[in-house]
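Undergrad:
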Amino acid sequence: MTIDKSKIDYSLYLVTNNEMVPEGLDIYTQVEKSLKNGVTIVQLREKDLDTGEFIKRAEKIHQLTKKYNVPLIINDRIDVALAIDAEGVHVGQDDMDPALVRKMIGNDKILGVSTRCEEELMGVINSEALIDYVGIGTVYSTKTKNVKRPPLNIGGLQNLLKFISERKPQLRSVIIGGLNKTNIPITLANCAYKGFNTDGVAVVSCIMAQSDAALETKETLIAVKLGFGKVTPGYRHNESKVSMVHFITNGVVKNMSANVCIAVGGSPIMSELSEEFDEFAKFPNIGLVLNTGTPTSSTVDIYIDAIKAYNKNMRPIVYDPVGCGASKARRDIMNKLLNVGSFTVIKGNISEICCVAGVDGSSMRGVDSTMDLDIESSVEILSKLARERKCVVVMTGKIDIIVDGITPRETLNYCIIKGGDDYMSKITGSGCSLGGVIATLISSTSYFNAYEATIRAVSMYKEAGFIASKQSKGPGSFNVNFIDALYKISKSKEFGSTTISRY
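Mapped onto full-length UniProt numbering, the consecutive letters of the sequence shown carry residue numbers 1 to 503.
(1) Counting along the chain, where does the beta strand (DSSP E) carrying Met244 start and finish?
(2) Does Thr370 come out as helix, strand or coil in the three-state DSSP assignment?
(3) In the DSSP assignment, the beta strand (DSSP E) including Ala202 goes from what residue to what residue?
(4) Tyr140 lies in the alpha helix (DSSP H); which residues open and close that run?
(5) Taking the alpha carbon of Glu120 as the reference point, which residue from Gly106, Gly137, Asp108 and Lys109 has its own alpha carbon closest?
(6) In whole angstroms, what is the alpha-carbon distance linking Val367 and Glu272?
(7) Rounded to a whole number of angstroms, what is the C-alpha to C-alpha distance between Glu275 and Asp320?
(8) To the nearest angstrom, report how far apart Asp96 and Val139 are at their CA atoms.
(9) Tell me which residue opens and which closes the beta strand (DSSP E) that Ser267 is part of.
(10) Can you tell me where the alpha helix (DSSP H) with Met256 in it begins and where it stops?
(11) Taking the alpha carbon of Gly156 as the point to measure from, which residue in Ala457, Phe343, Ile176 and Thr299 has its own alpha carbon closest?
(12) Below 8 angstroms on the Cβ atoms is my contact criterion, and I expect Asn37 with Ala214 to pass it. Report the Cβ-Cβ distance as a whole number of Å.
(13) So for Val359, helix, strand or coil by DSSP?
(14) Is Arg502 buried or exposed, if buried means 16 or more other CB atoms sit within 10 Å of its CB?
(15) Look at Arg389 and Phe343 and say whether their C-beta atoms are less than 8 angstroms apart.
(16) Locate the beta strand (DSSP E) running through Asn291, then write down its first and last residues.
(17) I'd like the ranges of any beta strand (DSSP E) spanning at least 3 consecutive residues and lying wholly in the stretch 51 to 128.
(18) Relative to the C-alpha of Ser243, which residue among Gly251, Thr249, Val264 and Asn255 is closest?
(19) In whole angstroms, give me the CA-to-CA distance for Thr370 and Ile350.
(20) Label Leu100 either buried or exposed according to how many other C-beta atoms from any shown protein chain fall within 10 Å of its C-beta, with 16 as the threshold for buried.
(21) Which runs of the beta strand (DSSP E) fall wholly inside the stretch 139 to 193 and span at least 3 residues, in chain order?
(22) Check for me: the beta strand (DSSP E) holding Tyr414 runs from which residue to which?
(23) Within the stretch 8 to 44, note down every full alpha helix (DSSP H) run reaching 4 residues or more, in order along the chain.
(24) Excluding the 5 residues preceding and the 5 following Ile438 in the sequence, name in chain order all residues of the same chain whose CB lies nearer than 6 angstroms to its CB.
(25) Could you say which of Ser211, Leu221 and Val393 lies nearest to Gly435 if we only look at CA atoms?
(26) I believe Gly495 touches Tyr423 by the beta-carbon criterion, under 8 angstroms. Please report the beta-carbon distance rounded to the nearest angstrom.
(27) Pair every Cβ in the stretch 76 to 93 with every Cβ in the stretch 42 to 62, then say whether three or more of these pairs are closer than 8 angstroms.
(28) Using the Cβ count rule (16 or more neighbours within 10 Å means buried), how would you classify Glu219?
(29) Is Asn291 closer than 8 angstroms to Asn339 when the C-beta atoms are compared?
(30) Ordered along the chain, which non-local residues of its own chain (more than five positions away) have a Cβ less than 6 angstroms from that of Lys418?
(31) Alpha carbon to alpha carbon, what distance is there between Lys194 and Val201?
(32) Name the DSSP beta bridge partners of Asp320, please?
(33) Can you tell me the Cα-Cα spacing of Gly229 and Asp199, whole angstroms?
(34) Can you tell me where the beta strand (DSSP E) with Gly348 in it begins and where it stops?
(35) Pick out the complete beta strand (DSSP E) segments inside the stretch 380 to 454, 3 residues or longer, and give them in chain order.
(36) Among the residues of its own chain, which have a CB less than 7 angstroms from the CB of Thr217, if the five just before and after it don't count?
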């Protein structure tokens, strides 16, 4: 395949890993799905194959990449690259001298080199090898490779980009290490030095290890474009596909949570059996509601197993840290879960959100909030938490506030939703069950539309509360009427009594 090296698109760079491919799939299927859905360059990395088997695999992968007019880079093995006439070679710091590699492959092939620090970058810049690009990493901690040095994080990455911009700005680069759709946007948006940014993102597990590599490639590409400021997400609910919602929730609200989920078109499943979490998380259009309202000493490990399974499979999680500030034990559980993985949405009342954000959230009565904050202070707290956790944060109450921490902006988008009725605070489970509505909607759309999907979910919930209150004589009848109203309102596009103010 003839290539113009000046026009190579490094934006979404896939590094293969055959060991990560899910059972029932193979490396060729994963690579082709990625090529169909936006990968712009592929590196074949094989550390354990014999030369003959490596060449056979490389030939098959090369047939796929040529089909989609995408360059194939061979990791380390110059002999394999030459044998199949691959478009390029990538070498690490402990591999063959890049100058010798260049002599062997010629000037028409792509040559990339891994770098981790200024000293290694200077070696690339001063090299006679005419190196085309560098891989910079690791950005974040990763299980893909055994890394001896601490991760760069955004600050260290920016310093290396500054180093390149001041010495050889024409040198192309990709960043690698622990990157996925949840952290790519914020990383790309913040690592640039005076407008000088990397050329792309190299990923491994977030595509190779996924049961739906096509979907995850699309999502990762959106993440890259979002980080570079080339796309703005828009909400689209796919009503043709039923969302499955896996509830790990407190025993008090299971029945209502299931009914509310069904009312808005979801399919609920209740399970606290860790052995099936990974299998569940591979289902399409599934999300997890993790409600920690009735914790026990045995449920903490269940929570952790669920977070790991859904994070591994890139599926959304709605985390509801019910009553997290009511006791030291609950705060300890909350902190442990926050350190385990990431969430798509964190929802709670004022006290709960303040506790998660590290603000004094001790003013609690059971799992109910007795705190009072003005809107400006609330938005400030929510924005800080949303930015830190890179997720959507929902603060519920008479006035609901939602902040978008997924889309990187200097000032995060937020909205204020007013509506509902006081009856909603008079029945058990109305707050907890909202998580199921949010999960139903975010599971049927792109990760990057989670903010808009959450706004719709909360608005529907508020509107249903208002409608049900007009038909009810008290909390008992309201409970029944609320589910009926939610079922009817779930198909509506406008909500008469609920106001949504965007900022």
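Glycine is no exception: its CB is placed at the ideal position from the N, C-alpha and C atoms.
TA: This is what the structure gives:
(1) Met244 to Ile248
(2) With a pLDDT of 47 at Thr370, under the threshold of 50, the modelled position of that residue is not reliable, and no figure is offered here.
(3) Gly200 to Val203
(4) Taken as a continuous stretch (DSSP letters only), Tyr140 belongs to no alpha helix (DSSP H), as it is neither H nor E.
(5) Gly137
(6) Only weak support exists for where Val367 lies, its pLDDT of 48 falling under 50; the value from the coordinates is given anyway. Near 22 angstroms, if we compare the C-alpha coordinates of Glu272 and Val367.
(7) 23 angstroms
(8) Looking at the sequence provided, one finds Met at residue 96 rather than Asp. The alpha-carbon atoms of Met96 and Val139 are separated by roughly 24 angstroms.
(9) Ser267 to Met270
(10) Lys254 to Ala263
(11) Ile176
(12) 5 angstroms
(13) coil
(14) exposed
(15) yes
(16) Ile286 to Asn291
(17) 72 to 75, 88 to 91 and 110 to 115
(18) Val264
(19) In this prediction, Thr370 scores a pLDDT of 47, lower than 50, which makes its location untrustworthy; the coordinate-derived value is nonetheless stated afterwards. Computed Cα separation, rounded: 8 angstroms.
(20) exposed
(21) 172 to 176
(22) Tyr414 to Lys418
(23) 27 to 36
(24) Val318, Val345, Thr454 and Ala457
(25) Val393
(26) One point to set straight first is that residue 495 is Phe, not Gly, in the sequence displayed. That belief does not hold up - the Cβ atoms of Phe495 and Tyr423 are roughly 17 angstroms apart, past 8 angstroms.
(27) yes
(28) buried
(29) no
(30) Ile399 and Thr499
(31) 19 angstroms
(32) Asn291
(33) 13 angstroms
(34) Val345 to Gly348
(35) 392 to 395, 399 to 404 and 414 to 418
(36) Lys33, Ser34, Asn37, Gly38, Val39 and Ile207
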